[in-house]
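S.K.:
Chains as they are written, first to last, in my numbering: chain A, 1 to 332; chain B, 333 to 664.
1. Taking the alpha carbon of residue 554 of chain B as the reference point, which residue from B:575, B:597, B:524, B:529 has its own alpha carbon closest?
2. Could you pull the start and end residues of the alpha helix (DSSP H) that residue 139 of chain A belongs to?
3. Along chain A, which residues have their Cβ under 7 Å away from the Cβ of residue 636 of chain B?
4. If we ignore side chains and look at the alpha-carbon of each, how far apart do residue 95 of chain A and residue 171 of chain A end up?
5. Okay, do the segment 55 to 64 of chain A and the segment 295 to 304 of chain A touch, 3+ Cβ pairs below 8 Å being the bar?
6. Would residue 604 of chain B and residue 636 of chain B qualify as a contact pair, given that the criterion is a beta-carbon distance under 8 Å?
7. For residue 206 of chain A, collect the residues of the same chain with a Cβ closer than 8 Å to its Cβ; drop the 5 residues on either side in sequence, then sort them by chain order.
8. Quick check on the burial criterion: 16 or more other C-beta atoms within 10 angstroms. Buried or exposed for residue 362 of chain B?
9. Near residue 110 of chain A, which residues of its chain fall below 7 Å by C-beta distance, leaving aside the five closest residues on each side in sequence?
10. Tell me, please, whether the CB atom of residue 18 of chain A is closer than 8 Å to any CB atom in chain B?
11. Tell me, please, whether the CB atom of residue 441 of chain B is closer than 8 Å to any CB atom in chain A?
12. Which residues, in chain order, does the segment 586 to 605 of chain B contribute to contact with chain A at a C-beta distance below 7 Å?
13. Name the residue from A:74, A:120, A:125, A:147 whose alpha carbon lies nearest to the alpha carbon of residue 133 of chain A.
14. Listed from N- to C-terminal order along the chain, which residues in the segment 231 to 244 of chain A have their beta-carbon within a distance smaller than 7 Å of any beta-carbon of chain B?
15. Between residue 184 of chain A and residue 204 of chain A, how many whole angstroms is the CB-CB distance? I'm expecting something under 8 Å.
16. Does residue 618 of chain B get closer than 8 Å to chain A when you measure Cβ to Cβ?
17. Among B:397, B:371, B:375, which has the Cα closest to the Cα of residue 664 of chain B?
18. Should residue 196 of chain A be flagged as near chain B, meaning a C-beta pair shorter than 8 Å?
19. Output the distance between the C-alpha atoms of residue 653 of chain B and residue 401 of chain B, rounded to the nearest integer angstrom.
20. Any beta carbon from chain B within less than 8 Å of residue 57 of chain A's own beta carbon?
21. Under 8 Å, Cβ to Cβ, is there at least one residue of chain A near residue 653 of chain B?
22. Cβ of residue 492 of chain B within 8 Å of Cβ of residue 399 of chain B?
23. Looking at the C-beta of residue 228 of chain A, does it have a partner C-beta in chain B at a distance below 8 Å?
24. Got a sec, what are the start and stop residues for the alpha helix (DSSP H) residue 599 of chain B sits in?
25. Verify whether the separation of the beta carbon atoms of residue 77 of chain A and residue 19 of chain A is less than 8 Å.
26. Counting only Cβ-Cβ distances shorter than 7 Å, please list the residues of the segment 403 to 415 of chain B near chain A, keeping chain order.
27. Taking residue 417 of chain B as the reference, give the member of B:406, B:541, B:411 with the closest Cα.
28. Taking only three categories from DSSP, how would you classify residue 589 of chain B?
29. Exposed or buried, what is residue 472 of chain B when buried is set at 16 or more other beta-carbons lying within 10 Å of its beta-carbon?
30. Alpha carbons only, please: which of B:623, B:565, B:578 is nearest the one belonging to residue 592 of chain B?
31. Let me check understanding here. Comparing Cα to Cα, which of A:270, A:169, A:318 lies closest to residue 336 of chain B?
32. Suppose contacts are defined by Cβ-Cβ distances below 8 Å. Is residue 83 of chain A in contact with residue 115 of chain A by that definition?
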């Protein structure tokens with residue numbers, strides 16, 4: 001296994017220790033595997049937490065900070081965080097205005113966040129949950145009833161985080177999070193499988209001349225395998241699938257992310273962005289904001305995902321609001 | 333070949349078009365393969381340019397913007413930019429205060445930047461050049477007389493860029509760039525080779541249980557191959573080599589980068605940062621600032637480099653100055 005690790009069972013905790021060492025404005029709870037904003041809880045601010053299996057970095061721990069998450073719960077690699085852990089995060093960020101749980105739609109995550117919300121309720125903390133299910137590749141999947149939650153999670157965390165930062169109430173922060181999810185669609189293509197530290201070998205075999213179209217962020221199968229196509233054709237499949245699932249009209253504005261799944265060079269992501277931008281321009285869609293880089297990854301998978309979110313003035317204003325996290329930073 | 337591209341010979345130009353589409357505050361000269369700050373040339377500001385072979389993104393094009401480079405020249409993948417191209421960049425950013433060339437120490441780069449400087453001199457543009465040679469793994473290498481230029485280039489561009497932004501004169505900007513280089517050392521370890529689009533296959537064979545210790549950013553051989561070690565041992569080799577080459581004393585402050593070479597997940601880079609931070613703490617060195625992520629890459633190589641720069645108050649002040657580029661952004 002070709003990884004910079006010491007022991008598979010220590011990867012998550014040792015990486016969290018590194019996050020703490022690198023970012024002294026964050027607080028790390030190693031025992032509970034939490035990344036917490038240094039100034040949490042903030043009185044009367046809605047707390048935002050998310051979490052999920054590790055291996056998708058910078059999501060979620062890299063998005064903790066001003067204008068985004070208040071805490072992130074790191075499960076083991078590709079494994080849901082447990083309810084007690086989520087409860088600890090919820091308590092750590094509750095400043096009296098309630099807590100929003102941002103949950104990617106995977107069966108284990110949804111169940112464990114729900115149990116944590118019930119436990120928090122027993123302690124008189126108001127919790128609302130938003131389930132992100134933006135991946136339009138498949139209707140159900142290995143670990144999901146319904147669509148998987150992928151790239152739109154970054155958008156939900158940024159935009160809901162901005163509204164919470166400026167004093168939005170829990171119901172409103174939850175509403176804007178749901179709006180972002182409803183207006184977003186993602187689609188991913190993988191050229192290779194990824195290798196978890198525990199397994200030590202790739203999660204699936206993909207022949208040297210094939211790609212997995214519609215792949216999930218843990219290597220869950222997509223729609224089909226086919227021969228590797230030029231970037232232009234891959235972008236066409238991706239954008240047409242997204243626009244078929246969540247139609248955008250000529251004149252609409254969008255926030256667009258071309259995201260690397262872990263092992264794809266930035267030069268290829270920019271090349272793909274060029275294709276995606278041309279296709280959206282042909283559809284009359286204006287890309288008002290964009291991200292190109294590694295934001296939600298799948299360990300060392302070579303692959304990419306595209307996320308498109310239809311954006312109005314409210315969403316763009318919140319997108320532009322200051323953010324200061326390890327993974328996203330602007331406006332201050 | 334598993335890449336998101338259309339044709340190997342179009343990769344650099346198509347990726348540059350993507351950079352232009354994603355970052356409208358940058359100007360792209362596709363013909364000359366340049367990324368230029370949108371407001372260049374700025375009157376009486378020293379212009380900073382760098383460049384080199386493509387495949388190391390975000391370096392250099394991703395570091396064009398306020399507080400860092402004024403322009404970057406993109407060669408073909410792993411191929412030096414040509415003198416005419418560098419001359420065009422020099423002319424594009426000269427606002428009358430002269431231009432600094434930041435050159436990584438590779439034979440072709442040094443020669444072509446030198447020819448471009450002579451051509452610029454013929455047009456009455458003052459040029460100073462700083463050659464970065466921070467890689468302490470080997471004394472000479474495949475493409476280098478002397479040490480290779482690697483991670484410290486990011487630090488040189490940031491710090492010299494800050495001084496130029498606040499009105500520093502050409503001699504002073506060159507002097508601080510040389511100081512950063514002299515006080516920096518880098519060392520890299522690869523777990524896999526990388527594949528250029530033109531070659532279509534890995535640049536070297538590395539058995540499943542071996543790593544290349546002291547590798548270069550094009551896959552040039554390092555000091556030796558050995559069996560893959562735990563992250564802790566790899567960090568020890570790396571930090572001890574760096575400290576042997578450029579000693580730091582107890583009480584010294586440093587800027588430290590743990591950099592991914594392209595295909596290494598962020599979770600592993602943070603795990604490595606944790607080890608590096610412990611070792612430097614044992615040596616009494618205070619990490620005053622840090623970067624963890626992909627800043628100077630080698631296409632799809634799985635690997636990492638560590639760069640340590642001894643930093644005084646002057647360098648830290650310039651490090652903290654505002655920067656607004658696709659690859660580094662803070663303070664505004």
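Just so you know, even glycine gets a beta-carbon here, dropped at the ideal spot from N, CA and C. No experiment lies behind these values; they were computed from the predicted model shown.
M.R.: Taking the geometry as given:
1. Out of B:575, B:597, B:524, B:529, the CA that lies nearest to the CA of residue 554 of chain B is found in B:524.
2. Here residue 139 of chain A belongs to no alpha helix (DSSP H), and DSSP marks it neither H nor E.
3. Chain A residues near residue 636 of chain B: 4.
4. Approximately 15 Å between the Cα atoms of the pair.
5. Enough Cβ pairs lie closer than 8 Å, so yes.
6. Yes, the Cβ-Cβ distance between residue 604 of chain B and residue 636 of chain B is below 8 Å.
7. Same-chain partners within the cutoff: 190, 191, 192, 193, 212, 225.
8. It is exposed - the Cβ of residue 362 of chain B has fewer than 16 other Cβ atoms within 10 Å.
9. By the criterion of a C-beta distance shorter than 7 Å, residue 110 of chain A is surrounded in its chain by 103, 131, once the five residues flanking it on both sides are discounted.
10. It does; some Cβ of chain B falls within 8 Å.
11. Residue-level contact by beta carbon fails for residue 441 of chain B and chain A, as no gap is shorter than 8 Å.
12. Of all residues in the segment 586 to 605 of chain B, 594, 595, 596, 597, 598, 599, 600, 602, 603, 604, 605 have a Cβ within less than 7 Å of some Cβ in chain A.
13. Nearest of A:74, A:120, A:125, A:147 to residue 133 of chain A, Cα basis: A:147.
14. Residues of the segment 231 to 244 of chain A that bring their beta carbon within less than 7 Å of a beta carbon in chain B comprise 231, 232, 234, in sequence order.
15. That belief does not hold up - the Cβ atoms of residue 184 of chain A and residue 204 of chain A are roughly 27 Å apart, past 8 Å.
16. For residue 618 of chain B, the nearest beta carbon of chain A is not closer than 8 Å to its own beta carbon.
17. Closest option to residue 664 of chain B, Cα to Cα, is B:397.
18. Interface criterion not met: the Cβ of residue 196 of chain A is under 8 Å from no Cβ in chain B.
19. As the crow flies, the alpha-carbon of residue 653 of chain B is around 14 Å from that of residue 401 of chain B.
20. Chain B, which has a Cβ nearer than 8 Å to the Cβ of residue 57 of chain A, makes this yes.
21. Closer than 8 Å: no.
22. Cβ distance not < 8 Å, so residue 492 of chain B and residue 399 of chain B don't count as in contact.
23. Closer than 8 Å to some Cβ of chain B, the Cβ of residue 228 of chain A qualifies, so yes.
24. Residue range 598 to 614 is occupied by the alpha helix (DSSP H) that includes residue 599 of chain B.
25. Contact: no.
26. Taken residue by residue, none of the segment 403 to 415 of chain B has a beta-carbon sitting less than 7 Å from a beta-carbon on chain A.
27. The shortest Cα separation from residue 417 of chain B among B:406, B:541, B:411 belongs to B:406.
28. Here residue 589 of chain B carries a strand assignment [DSSP, helix/strand/coil].
29. Exposed, because fewer than 16 other Cβ atoms sit within 10 Å of the Cβ of residue 472 of chain B.
30. Closest in alpha carbon position to residue 592 of chain B, among B:623, B:565, B:578, is B:623.
31. For residue 336 of chain B, the closest C-alpha among the options A:270, A:169, A:318 is that of A:270.
32. Yes, these two residues count as a Cβ contact at 8 Å.
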